[in-house]
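Reading through the structure tokens given below for one structure.
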Amino acid sequence: MSGERLDGLSVRDVRVTFDGFTAVDGVSLEVPAGDIRFLIGPNGAGKTTLVDAITGLVRATGSVRFGDEELLGRPVHRISRLGIGRTFQTSTVFEELSVLQNLDIAAGARRSWATLARRRRGVPDEIAAALETIGLTERAAHLAGTLAHGQKQWLEIGMLLVQDARLLLLDEPVAGMSHEERDATGTLLETVSRDRTVVVIEHDMDFLRRFARSVTVLHAGRVLSEGTVAQVQADPRVQEVYLGHPVDAGSARTGLEA
Amino acid sequence: MTAVTPAPPSTAVHPAPVGAVPPGRPAGRSRLRTLAGFAFGAAVLFAVAPLVLSDFRLALLAKYLCVAMVAVGIGIAWGRGGMLTLGQGVFFGLGGYAMAMHLKLADAGPGGMPDFMQLYGQLDELPLWWRPFASPWFALPATVLLPMIVAFGLGSLVFRRRVRGAYFAILSQALAAAMVILLIGQQGTTGGTNGLTDIKGFFGYDLDDPVNQRMVYFVIAGTLLALLALTRQLIHSRYGELLVAVRDGEERVRFLGYDPASVKLVAYVVAAGMAGLAGALFVPAVGIISPALIGIVPSIEFVIGVAVGGRATLLGPVLGAVAVAWARTALSERFPGTWTYLQGLLFVVVVAFLPGGLASLWALARRRDVGARPVRRGWLSLGRRRAERTEVPAA
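Order-wise, the sequence lines are chains A and B. Count the first sequence with our numbering and you get residues 2 to 259, in order. Count the second sequence with our numbering and you get residues 14 to 408, in order.
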């Protein structure tokens with residue numbers, strides 16, 4: 002996978018409207034190649050809807066480019082084949098299939114029908130590597146439904162890796178995870194961002210402080226603030242809207258350096 | 014990307030796996046078991062059944078095995094693919110009528126017209142669309158290809174528009190109703206309600222001769238085994254895994270870069286082909302094809318057999334279909350009129366208490382033997398999950 006092109010995501014004036022309600026109201030943001038960008042904002046800020054728009058799940062106006070490719074207007078599976086992978090708030094691994102089968106399916110979108118008609122023999126190299134990366138080598142033969150919550154999330158990330166996604170859109174990847182699991186997930190994100198661009202929707206501020214390289218704050222469908230963790234936390238508008246009340250800069254900074 | 018491993022703290026966090034596939038089960042042994050299974054099936058169908066059963070009962074078994082072929086297809090489309098098709102009668106009928114048309118024309122001899130057309134007396138010559146069926150080279154492939162083409166056309170429209178679940182079931186059932194109405198309405202060329210009856214010969218063999226009836230039975234049994242082998246390959250292939258993934262998470266599969274519509278389409282078309290072949294072989298076995306055999310009621314009965322046997326397994330649909338068809342005959346002989354109620358009751362009981370069908374009982378019993386494993390899920394969902402689990406190949 003190294004040696005592949007590293008691309009950035011460029012969102013320009015994206016607007017999503019449901020029955021007159023504007024969920025995303027002219028969002029523009031640039032995620033440079035190799036970034037780990039966190040999208041934060043209160044409930045209903047339009048974070049997930051924005052990811053839905055990027056991945057083709059909802060119709061949107063404006064422009065979303067990944068590298069040289071315009072994404073808006075393409076069907077979901079075509080966008081996916083351009084190297085855009087996403088996870089969902091609730092884990093959506095295939096519970097009746099083994100971990101290995103889950104990864105094998107994720108790796109196979111470009112397979113010919115002739116390959117599909119045959120059985121899998123052994124473990125393909127890229128799948129073995131992904132199993133190693135997500136720490137599930139031991140559990141390859143287990144049904145995905147028997148995995149712990151955190152492991153399911155890692156499996157989802159592993160599926161994006163073998164899918165050859167070059168842009169990872171992760172919707173609350175550490176929700177419901179233990180502290181150790183969060184740390185492992187953060188390390189995993191740092192590993193995969195070496196040759197990929199990562200966008201994370203997350204509510205967990207501690208996780209954000211530790212692993213975000215840049216942050217975009219959404220509020221009511223618009224970009225409220227953008228920058229490094231320190232810049233965003235120092236922004237009085239963010240303190241007002243996102244935290245609900247102004248916080249003195251001192252305590253925010255302390256939290257950052259912890 | 015291999016350099017850094019986050020080494021998630023996996024040991025501390027989770028309980029022992031409940032339904033783990035035993036890792037590293039030797040592939041050779043499982044193949045041996047399969048071969049033994051097929052050999053056993055062949056021995057029962059080709060040696061035991063003809064020896065034990067009277068000609069009458071053997072002819073009935075031939076009929077049941079045709080139903081079982083439809084069931085194998087439904088097992089793929091519904092059990093593995095999640096498409097509850099309540100209209101397999103359409104494809105069964107297309108195959109059956111294609112075969113019956115050819116046999117009627119062969120009975121009538123060169124240039125002749127089938128008896129019923131002369132009877133109704135509206136036609137001076139054979140309708141144009143009957144003519145190609147005079148040739149076995151057209152009629153035989155048509156019994157399979159015609160249903161597949163119709164399924165392809167219908168499936169392309171339906172799956173791309175993301176029609177699924179109950180909507181798909183109702184749509185497929187409506188199709189069965191429409192087909193029956195069409196056949197009855199075109200009495201002059203289709204035989205109407207009577208259907209195509211009195212089929213006497215099968216490629217030069219007299220079907221009244223018990224020896225030839227026996228031959229038809231052998232052809233049917235062999236075809237069923239071949240379809241089972243094909244289905245086994247399909248289930249264990251990468252496509253088979255993908256089909257289950259589409260059943261359980263269609264949207265997720267879409268986000269992995271597949272088009273679920275084409276994945277489902279293949280399973281639907283294969284199921285239709287199997288139903289068509291079953292219909293074609295049903296005609297020489299029973300000597301008739303009629304709207305009553307392909308409408309809504311038989312279409313639902315096909316599904317009941319599959320549900321009873323276990324829809325997600327390889328053998329469940331076959332055994333379920335044969336068992337239900339056999340029970341129907343046995344009970345109708347003794348208590349005419351009660352079968353419909355019993356059948357309904359059976360379906361309700363299976364759906365409510367044993368969603369994985371009888372096959373899940375087998376899996377449950379086998380698991381008990383292996384040893385008491387922790388049980389996390391409720392009994393009901395357990396039945397279903399275990400039934401499906403038995404077909405998940407070892408990694």
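Idealized CB from N, CA, C, for every residue including glycine.
A34(A) is positioned such that its CB atom lies no closer than 9 Å to that of G222(A). Contact between the region 228 to 235 of chain A and the region 64 to 78 of chain A is absent, with fewer than three C-beta pairs closer than 8 Å. Per the C-alpha coordinates, the member of V276(B), V283(B), A305(B) and I89(B) positioned closest to I194(B) is A305(B). Here the C-alpha atom of F212(A) lies approximately 14 Å from the C-alpha atom of T198(A). G27(A) sits in a strand when the DSSP states are folded into three classes. The alpha-carbon separation between L66(B) and D221(B) amounts to approximately 18 Å. If you compare the alpha carbons of T50(A), V12(A) and T134(A) with that of T188(A), the shortest gap goes to T134(A). A direct Cα-to-Cα measurement between S148(B) and L72(A) gives close to 53 Å.
At a cut-off of 4 residues, the continuous stretches assigned as alpha helix (DSSP H) that sit fully inside the region 168 to 232 of chain B are 178 to 198 and 200 to 203. T198(A): member of the beta strand (DSSP E) spanning T198 to I202, first to last residue. Approximately 34 Å separates the beta-carbon atoms of F59(B) and F165(B); this is outside 8 Å, ruling out the contact.
Contact between the region 159 to 174 of chain A and the region 87 to 102 of chain A is present, with at least three C-beta pairs closer than 8 Å.
Using a Cβ distance threshold of 9 Å, I233(B) and L327(B) do not count as a contacting pair. Closer than 9 Å to the CB of Y281(B) there is not a single CB belonging to chain A. Under the three-state reduction of DSSP, H143(A) is assigned to coil, being neither helix nor strand. Cβ contact annotation for T62(A) (same chain, cutoff 6 Å, sequence separation greater than five): R16, in chain order. Following the DSSP letters along the chain, one finds T18(A) inside the beta strand (DSSP E) bounded by residues L10 to F19.
The count of Cβ pairs closer than 8 Å, one atom from the region 289 to 303 of chain B and one from the region 101 to 111 of chain B, reaches three, so the stretches are in contact.
Ranked by Cα distance from L153(B), the options V80(B), H115(B) and L240(B) are led by H115(B). For V363(B) against V316(B), the beta-carbon gap comes to about 11 Å, at or over 8 Å, which does not count as contact. Rounded to whole angstroms, the gap between the alpha carbons of D211(B) and G300(B) is 6 Å.
For S43(B), the nearest beta carbon of chain A is not closer than 9 Å to its own beta carbon. Among the residues of chain A, those whose CB is under 8 Å from the CB of V257(B) are F95, E97 and L98, following chain order. Residues of chain A whose Cβ lies closer than 7 Å to the Cβ of G86(B) do not exist, since the nearest Cβ in that chain is about 17 Å away. For S169(B), no Cβ of chain A is located within less than 9 Å of the residue's own Cβ. The three-state reading of DSSP puts V175(A) in coil, since its state is none of H, G, I, E or B.
For E96(A), no beta strand (DSSP E) run applies, since DSSP gives it neither H nor E. Spatial neighbours of L132(A) in its own chain (CB-CB distance under 8 Å, excluding positions within 5 residues in sequence) are listed in chain order as V100, L101, L104, V124, T138, A141 and G159. Here the region 166 to 179 of chain B lies against the region 269 to 282 of chain B, with 3 or more beta-carbon pairs under 8 Å apart.
Think of a sphere of 7 Å around the beta carbon of H249(B): the chain A residues whose beta carbon falls inside it are R120, in chain order. Cβ contact annotation for L344(B) (same chain, cutoff 8 Å, sequence separation greater than five): T351, W352 and L355, in chain order.
Looking only at D20(A), T192(A) and H204(A), the smallest Cα-Cα distance to G177(A) is reached by H204(A). Under the 9 Å criterion on CB atoms, F268(B) is classed as interfacial with respect to chain A. Nothing from the region 323 to 342 of chain B brings a Cβ to less than 8 Å from some Cβ of chain A. With the criterion set as a beta carbon lying under 7 Å from some beta carbon of chain B, the members of the region 35 to 68 of chain A are T56, in sequence order.
Flagged as an interface residue toward chain A: R265(B), by a C-beta distance shorter than 9 Å.
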